[in-house]
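Student: Numbering (this note's numbering), first residue to last: 37 to 269.
For each residue, glycine too, the CB sits at the ideal point set by N, CA and C.
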């Protein structure tokens with residue numbers, strides 16, 4: 037015989053799978069479910085925690101619990117950008133800066149950007165959101181001498197590609213992409229509002245200008261429950 041929280045979990049799980057609750061929909065509050073089902077709020081909380089651990093919902097502190105969106109296909113080619121995918125779907129996209137700093141290029145960063153170790157790079161970490169849903173956490177490295185007043189202008193514009201065009205440097209072309217998978221760190225799970233037991237897509241990519249100069253080395257993690265990658269020739 038199922039416990040109260042297990043019975044509630046099954047009811048909600050089946051409701052999500054049967055689309056009684058649509059992707060992105062806010063679920064009833066703990067108080068509402070407690071009253072309608074005659075159970076304690078701790079029972080509701082335990083059922084919601086299990087749904088979150090299964091990747092079916094995301095719990096946003098102070099705002100509620102939401103059914104996980106899923107299935108956005110990100111088709112990767114030389115010029116594709118995830119924010120363009122969201123825009124085509126009619127989803128408002130934003131980028132939230134987590135950290136930005138100028139530092140010396142070392143190791144893989146220097147190698148990928150074809151710089152002498154010690155040359156300065158701009159390290160820029162952001163979360164890409166669709167609506168209020170975080171999809172991608174990305175850290176990008178750029179040669180600091182690429183654009184005058186680089187850090188401030190990137191912060192103001194919020195995107196690298198239009199900044200390149202404004203500076204007359206042309207378009208950015210992705211020349212290589214490597215994809216793996218791993219479990220999230222605590223900070224990544226928090227920033228992406230994803231379960232600790234759901235793998236992330238671990239993606240690295242190199243971007244060059246049309247003249248061949250390497251100008252962007254990107255290391256990103258993506259919520260695998262929300263994004264599917266597709267590669268085109």
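Can you have a look at residue 118 and say buried or exposed, based on whether 16 or more other CB atoms are within 10 angstroms of its CB?
Tutor: Classification of residue 118: buried, given that the 10 Å Cβ count is 16 or more.
Student: Taking just the CA atoms, how far does residue 201 sit from residue 109?
Tutor: For residue 109 and residue 201, the distance between alpha carbons rounds to 27 Å.
Student: Does the region 167 to 175 touch the region 151 to 158, meaning 3 or more C-beta pairs lie closer than 8 Å?
Tutor: With the cut-off at 8 Å, the region 151 to 158 and the region 167 to 175 do not touch.
Student: Whole angstroms is fine: what's the gap from residue 125's alpha carbon to residue 181's?
Tutor: Their backbone Cα atoms lie some 36 Å apart in a straight line.
Student: Let me check you understand the geometry: is the CB of residue 233 closer than 8 Å to at least one non-hydrogen atom of the ligand ADP?
Tutor: Here there are no bound small molecules, and the ligand ADP is not part of this structure.
Student: Strictly by DSSP, which residues pair up with residue 209?
Tutor: Paired residue(s): 244.
Student: In this structure, how does DSSP classify residue 86 when only helix, strand and coil are distinguished?
Tutor: Residue 86: helix per DSSP, three-state reduction.
Student: Since residue 334 sits in a beta bridge, which residues does DSSP pair it with?
Tutor: The requested residue 334 is not part of the displayed model; the chain covers only 37 to 269.
Student: Secondary structure at residue 265, three-state DSSP: helix, strand or coil?
Tutor: Looking at residue 265 - three-state DSSP - the assignment turns out to be strand.
Student: Going by the DSSP bridge assignment, what does residue 102 pair with across the sheet?
Tutor: DSSP output for residue 102 lists 62, 94 as bridge partner(s).
Student: To which residues does DSSP link residue 161 through a beta bridge?
Tutor: In DSSP, residue 161 forms a bridge with 135, 175.
Student: Could you spell out the range, first to last residue, of the beta strand (DSSP E) harbouring residue 111?
Tutor: Run containing residue 111: 108 to 112, per the beta strand (DSSP E) assignment.
Student: Among 38, 246, 264, which residue has its Cα nearest to the Cα of residue 215?
Tutor: Nearest option by C-alpha distance: 264.
Student: Straight-line CA distance for residue 8 to residue 59?
Tutor: The structure shown does not extend to residue 8, since the chain is modelled only from 37 to 269, so the question has no answer here.
Student: Mind checking who residue 214 pairs with in its DSSP beta bridge?
Tutor: Beta-bridge pairing links residue 214 to 240.
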